[in-house]
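A.B. asks:
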Amino acid sequence: DAGITQSPRYKITETGRQVTLMCHQTWSHSYMFWYRQDLGHGLRLIYYSAAADITDKGEVPDGYVVSRSKTENFPLTLESATRSQTSVYFCASRSGAIYEQYFGPGTRLTVT
Amino acid sequence: RKEVEQDPGPFNVPEGATVAFNCTYSNSASQSFFWYRQDCRKEPKLLMSVYSSGNEDGRFTAQLNRASQYISLLIRDSKLSDSATYLCAVTFSGNTGKLIFGQGTTLQVKP
Chain A
1 DAGITQSPRY
11 KITETGRQVT
21 LMCHQTWSHS
31 YMFWYRQDLG
41 HGLRLIYYSA
51 AADITDKGEV
61 PDGYVVSRSK
71 TENFPLTLES
81 ATRSQTSVYF
91 CASRSGAIYE
101 QYFGPGTRLT
111 VT
Chain B
1001 RKEVEQDPGP
1011 FNVPEGATVA
1021 FNCTYSNSAS
1031 QSFFWYRQDC
1041 RKEPKLLMSV
1051 YSSGNEDGRF
1061 TAQLNRASQY
1071 ISLLIRDSKL
1081 SDSATYLCAV
1091 TFSGNTGKLI
1101 FGQGTTLQVK
1111 P
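Protein sequences appear in the order of chains A and B. Under this note's numbering, the first residue of the first sequence carries the number 1, and numbering increases by one thereafter. Under this note's numbering, the first residue of the second sequence carries the number 1001, and numbering increases by one thereafter.
1. Could you please give me the residues that DSSP links to Cys1023(B) through a beta bridge?
2. Out of Asn1022(B), Lys1042(B), Cys1023(B), Ser1081(B), which one is the CA nearest neighbour of Gly1016(B)?
3. Suppose the cutoff is 8 Å on Cβ atoms and the five residues either side in sequence are ignored; what does the same chain contact list for Glu72(A) look like?
4. Any heavy atom of the ligand ADP closer than 7 Å to the Cβ of Phe33(A)?
5. Just grab the DSSP bridge partners of Lys1110(B) for me.
6. On the criterion of 16 or more Cβ atoms from any shown chain inside 10 Å, does Ser69(A) qualify as buried, or is it exposed?
7. When the Cα of Lys1045(B) is compared with those of His41(A), Gly104(A), Tyr47(A), Glu59(A), which residue comes out closest?
8. Since Tyr118(A) is in the beta strand (DSSP E), which residue starts that stretch and which ends it?
9. Residues of chain B with a CB under 7 Å from the CB of Glu100(A): which are they?
10. Quick one: list the residues of chain A neighbouring Gln1103(B), beta-carbon separation under 7 Å, in chain order.
11. Tyr1036(B) to Ile1075(B), Cα distance in whole Å?
12. Listed from N- to C-terminal order along the chain, which residues in the stretch 1076-1090 of chain B have their beta-carbon within a distance smaller than 9 Å of any beta-carbon of chain A?
13. Tell me which residue opens and which closes the beta strand (DSSP E) that Asn73(A) is part of.
14. For Leu118(A), which residues from the same chain have a beta carbon less than 8 Å from its beta carbon, with the 5 sequence-adjacent residues on both sides left out?
15. For Gly1054(B) and Thr1061(B), what's the separation of their Cα atoms in angstroms?
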């Protein structure tokens, strides 16, 4: 029972490149979320999704794109990576009935 | 003013001590409250939900004070393994259950 997984766990990319972070959950949770965590800012919501094909912006969506064609997957794409997007990215999910969110292990992204 | 605020600490306590953290929230329409634990930039892990009547899980007790708009976490008989960052999270009415996190309080338990 893997729960919620993220890949890659570590990624180094160059400024201007497109990079996609993957998130997969096996619980059939309807809600999925993407956060970034930076020193001094805590966890900030980038995008979330209430169901397949339903996505919405969070607090810091600029420079990111998401899609959700299947309930279990919620990829996050940085269209043209910038150094300010160097961060740790966490995916989370929850069922529709309760608000408790469960987090994936994170992806540590460095943009050079 | 931030929607959810925590004292970042660090709180340095000896083993066996009792320590309490508070978390204040600004929106009186807040609905659900949680404490998460995070180790060394690993993923946050749900520690406990906070119910109106308060709740206890072993050495951990969570309280909610709606009148003063804060939640608290009490840790009794601190262990070295309790050293971590504790994040509070709040949902607000009408925001589709999105969690708003505080920046976290760091606890260091010393031998």
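Even glycine gets a Cβ: it sits at the ideal position worked out from N, Cα and C.
C.D. replies: With the structure as the only source:
1. Gln1006(B), Ile1071(B)
2. Ser1081(B)
3. His24, Gln25, Thr26, Ser28
4. Questions concerning the ligand ADP fall outside what the structure shown contains, since it holds no ligand whatsoever.
5. Pro1014(B)
6. exposed
7. Gly104(A)
8. It is not possible to answer for residue 118(A), since the shown part of chain A is limited to 1 through 112.
9. Phe1034, Leu1046, Ser1049
10. Correct list: Gly42.
11. 13 Å
12. Leu1087, Ala1089
13. From DSSP, Asn73(A) is part of no beta strand (DSSP E); its letter is neither H nor E.
14. Given a span of 1 to 112 for chain A in the structure shown, any question on residue 118(A) remains unanswerable.
15. 7 Å
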